[in-house]
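Trainee:
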Amino acid sequence: MIHSMTGYGKSVLQLPTKKVTIEVKSLNSKNLDLNARMPSIYREKELSLRKLIGNQLERGKIDFSIYVEMTGEETSTQINKPAVKQYMKQLKELVDGDDTELLKMAVRFPDALNTEREEIDENEWNLILNEVKIALKNIDTYRLDEGKALELDFRNRVQNIADILEDIIAMDPDRIEGVRERLRKGVEELKEKVDENRFEQELVFYIEKFDITEEKVRLKNHLDYFIQALDSDDSNGKKLGFIGQEMGREINTIGSKSNYAPMQKLVVQMKDELEKIKEQLLNVL
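One point on numbering: in UniProt numbering, the residue at position 265 of the sequence shown is 265, and numbering is uninterrupted.
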């Protein structure tokens, strides 16, 4: 069962004095590229969060965010009264003004406000951590649903390539006969007498260079292997990408050997289907 690397998960926790929102977004990437944003109070938990997210999502460009909105009356910021009074005293020595105007100026100076560093409440963090796991579960479900859509598209396109391959197999005898006739006609136009046995030997050698039997067999095997990989329990986009590369090699070789316009048109169709598969494989975990 394949998973897409594109996904979104969210969870919201309402605490007595704050609302905590967890969001996880992911896009495709060759490796794990994790960007984490959270209030400074939770920074000491960042490494463990990164490990949890990496183990769960494995790969992709991931944006993880914790947003905190205070809903209670508590605040960790206090006015530094002695500092503000000292600022106002010094300002009065410099300018004339009422206390309200001086106060507005004083609170803008450094150290006018003190912010006490909060300590993590472990019980509160355990609640937040549980919501993080819920958000990760939500994004995993999203990725799985996206993966199902990708899988259906892959199966359809692989079947399209298999159908075209059958058409190529069916027309191959006509192609070989066409090559044979072109060669014979070319010799006849030379108006030279040739040894028929020698001609047939050379003809067989020449036609063998255009033989695509091995390529047809290998391409069919790669198509079957691709479907087997889709049916496996794990999601391995890199493995599917490697199989796609092998499919491309066989299709390209068939095209270069075909020397037959109707077959080359079919090869172009196979290349088009494979290119669309490769584009979508970039999104597979």
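Note that the Cβ used here is the ideal one computed from N, Cα and C, for glycine as well.
On the three-state DSSP scale, how would you describe residue 212?
Mentor: Walking along the sequence shown from the start, residue 212 turns up at place 212. In this structure, residue 212 counts as coil in the three-state DSSP scheme.
Trainee: Where do the N-terminal and C-terminal ends of the alpha helix (DSSP H) with residue 279 fall, by residue?
Mentor: Locating residue 279 in the sequence shown gives position 279, where the first residue counts as 1. It spans 261-281 - the alpha helix (DSSP H) in which residue 279 sits, taken as one unbroken run.
Trainee: Excluding five sequence neighbours on each side, which residues of the same chain lie with their C-beta closer than 8 Å to the C-beta of residue 120?
Mentor: On the sequence shown, position 120 is the one that residue 120 refers to. Same-chain partners within the cutoff: 41, 42, 44 and 45.
Trainee: Closest to residue 53 by CA distance: which of 78, 23, 15 and 67 is it?
Mentor: Along the sequence shown, one-based indexing puts residue 53 at 53. Measuring from the Cα of residue 53, the nearest candidate turns out to be 23.
Trainee: For residue 257 versus residue 212, is the C-beta distance shorter than 7 Å?
Mentor: Residue numbering aside, residue 257 sits at position 257 when the sequence shown is read from its first letter. Residue numbering aside, residue 212 sits at position 212 when the sequence shown is read from its first letter. Contact: yes.
Trainee: With which residues is residue 13 paired in a DSSP beta bridge?
Mentor: What you label residue 13 is simply residue 13 of the sequence shown in a count that begins at 1. Per DSSP, 20.
Trainee: Measuring straight from C-alpha to C-alpha, what distance separates residue 259 and residue 210?
Mentor: Position 259 of the sequence shown holds residue 259. Position 210 of the sequence shown holds residue 210. The alpha-carbon atoms of residue 259 and residue 210 are separated by roughly 8 Å.
Trainee: Can you tell me where the beta strand (DSSP E) holding residue 285 begins and where it ends?
Mentor: Position 285 of the sequence shown, counted from the start, is the residue given in the question as residue 285. Looking at the DSSP string, residue 285 is not in any beta strand (DSSP E), and its letter there is neither H nor E.
Trainee: Kindly confirm or deny that the segment 57-64 and the segment 9-20 touch, where touching means at least three C-beta pairs closer than 8 Å.
Mentor: no
Trainee: Report the residue ranges of all beta strand (DSSP E) runs contained in full by the UniProt domain "Endoribonuclease YicC-like N-terminal" (2-151); include only those spanning at least 3 residues, in chain order.
Mentor: Scanning the UniProt domain "Endoribonuclease YicC-like N-terminal" (2-151) for uninterrupted beta strand (DSSP E) segments of 3 residues or longer gives 7-14, 18-27, 32-37, 60-70, 77-79 and 113-115, listed from N- to C-terminal end.
Trainee: According to DSSP, simplified to helix, strand and coil, what is residue 221?
Mentor: Residue numbering aside, residue 221 sits at position 221 when the sequence shown is read from its first letter. Of the three classes helix, strand and coil, the one that applies to residue 221 here is helix, per DSSP.
Trainee: Which residue's Cα is closest to the Cα of residue 219: 145, 169 and 96?
Mentor: Locating residue 219 in the sequence shown gives position 219, counting from the first residue. Cα-wise, what sits closest to residue 219 is 169.
Trainee: Could you check what DSSP says for residue 231 in three-state terms: helix, strand or coil?
Mentor: Position 231 of the sequence shown, counting from 1, holds the residue named residue 231. Correct three-state label for residue 231: helix.
Trainee: Just how far apart, CA to CA, sit residue 30 and residue 60?
Mentor: In the sequence shown, the residue the question calls residue 30 occupies position 30. In the sequence shown, the residue the question calls residue 60 occupies position 60. Approximately 7 Å between the Cα atoms of the pair.
Trainee: For the candidate residues 282, 12 and 269, whose alpha-carbon lies nearest to that of residue 157?
Mentor: Residue mapping note: residue 157 aligns to position 157 of the sequence shown, counting from 1. Closest option to residue 157, Cα to Cα, is 269.
Trainee: Here's the rule I'm using: 16 or more other beta-carbon atoms within 10 Å means buried, otherwise exposed. How should residue 242 be labelled?
Mentor: The residue given as residue 242 occupies position 242 in the sequence shown. With fewer than 16 other Cβ atoms within 10 Å, it is exposed.
Trainee: The alpha helix (DSSP H) spanning residue 252 covers which residue range?
Mentor: For this step, residue 252 is matched to residue 252 along the sequence shown. That run of the alpha helix (DSSP H) goes 237-258.
Trainee: Short check: CB of residue 283 to CB of residue 28, under 7 Å?
Mentor: To locate residue 283, count along the sequence shown from 1; it is residue 283. To locate residue 28, count along the sequence shown from 1; it is residue 28. The answer is yes: Cβ separation under 7 Å.
Trainee: Hey, out of 37, 153 and 142, whose CA is closest to residue 274's CA?
Mentor: Mapped onto the sequence shown, residue 274 falls at position 274. Closest option to residue 274, Cα to Cα, is 153.
Trainee: Could you check which residue in 134, 20, 150 and 248 has the C-alpha nearest to that of residue 8?
Mentor: Working through the sequence shown from its first residue, we reach residue 8 at position 8. Closest by alpha carbon: 134.
Trainee: Where residue 216 and residue 197 are concerned, what is the direct C-alpha to C-alpha distance, given to the nearest angstrom?
Mentor: Within the sequence shown, residue 216 is the residue found at index 216, counting from 1. Within the sequence shown, residue 197 is the residue found at index 197, counting from 1. Between residue 216 and residue 197, the C-alpha separation is close to 30 Å.
Trainee: Taking the alpha carbon of residue 277 as the point to measure from, which residue in 247, 264 and 266 has its own alpha carbon closest?
Mentor: Within the sequence shown, residue 277 is the residue found at index 277, counting from 1. The candidate whose alpha carbon is nearest that of residue 277 is 247.
Trainee: Closest to residue 160 by CA distance: which of 239, 207 and 224 is it?
Mentor: As a working mapping, residue 160 is identified with position 160 in the sequence shown. Of the candidates 239, 207 and 224, the one whose C-alpha sits nearest the C-alpha of residue 160 is 224.
Trainee: Classify residue 172: buried if its beta carbon has 16 or more other beta carbons within 10 angstroms, exposed otherwise.
Mentor: Stepping through the sequence shown from its first residue, residue 172 is reached at position 172. Under this definition residue 172 is a buried residue.
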